[in-house]
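Peer 1: What follows is a single structure, and I will ask about it in a moment.
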Amino acid sequence: MRGKYIVIEGPDGSGKERQVRLLAEALEKAGLRSEVIREPNVRHDVTVSMLQHLIDDPNFPMTTVTEALVYAAERSQTLEAIRKHCEQGINCIVGRSYLSTLAEQYYGHGTIADYQKLTNIITAAVGDMEPDLTVVIDAEVPTLHQNRMNDKEQFDDAFMERVRAGYLWEARQRNMPVIYATGSVDDVFKEVWKLAAVTLAQRDKPTAAVTASASQPQSVAEILAGSPIPQPNHTNHPKSE
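In structure tokens, the structure reads:
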């Protein structure tokens, strides 16, 4: 039986990496073969490592489109590793996907203003390797900042709101489940596990290519207004790790 490709997405600081590890541990305890794969897979793929060096090194200046193409090349390489694992019956748990590119480059930074162009680049890289399940973890901006306070790179509230809104909009358009991280880490994982268990029990299904969402939001406020986020418990936020 083919392994499942499961992605746990969301803004940095939402606690998604912790949920990736918890899911991998739960699968191991259940006797299911699994592998946590970092995206981009810089540690285990020489090509991806070299591509990341091009992005990080200021001696290699790039246009925004060139940078998007290099990111897409990294993703294509990483997805090939995921494909091979899944074909061997290994479940792949990943904490990042093309949603990050859309949320950060299009909605957040706005470095590429043409949504269709960016989606075309993503589609070329992803091909038919759409995840079997993508769960988006959402949290309010103060929580995201709190969980990222030790990170070297910090962003202002407006940027974080745009990124958060981008995730919510794309999740809504693509019928991806959203979990609002207003409880404890364990509370969030219970919801993640419910969704993952259903996916793991499903028989193999044909993969589908990534497509652009049919419509575009008018504003960040429009997106957030349409998201029925519960009132947060400010005393018990999940921590990002």
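Sequential numbering of the sequence shown, starting at 41, is according to the working numbering.
Cβ coordinates follow ideal geometry from the N, Cα and C atoms, glycine included.
Please read these numbers as outputs of a predicted model, since none were measured by experiment.
(1) Below 6 Å CB to CB, which residues in the same chain sit around V181 once its five sequence neighbours on both sides are set aside?
(2) Name the one or two DSSP bridge partners that D178 has.
(3) With distance defined between alpha-carbon atoms, name the residue in P101, V176, K44 nearest to K56.
(4) Spatial neighbours of G50 within its chain, please: C-beta separation below 7 Å, excluding the five flanking residues on both sides.
(5) Can you name the residues that DSSP bridges to V47?
(6) For E193, name the three-state secondary structure that DSSP assigns.
(7) If you reduce the DSSP assignment to three classes, tell me which class S74 lands in.
(8) Evaluate I48 with the Cβ neighbour count: other Cβ atoms within 10 Å of its Cβ, from every protein chain shown; 16 or more gives buried, anything less gives exposed.
(9) Could you tell me the distance, in whole angstroms, from the CA atom of Q156 to the CA atom of K69?
(10) Going straight from the alpha carbon of L158 to that of Y146, what length do you get?
(11) Pairs of beta-carbons, one from the segment 96-105 and one from the segment 118-137, closer than 8 Å: are there three or more?
Peer 2: Looking at the coordinates:
(1) D197, M200, E201
(2) Y220
(3) V176
(4) K56, V176, I177, D178, Y207
(5) V134, T174
(6) coil
(7) strand
(8) buried
(9) 42 Å
(10) 8 Å
(11) no
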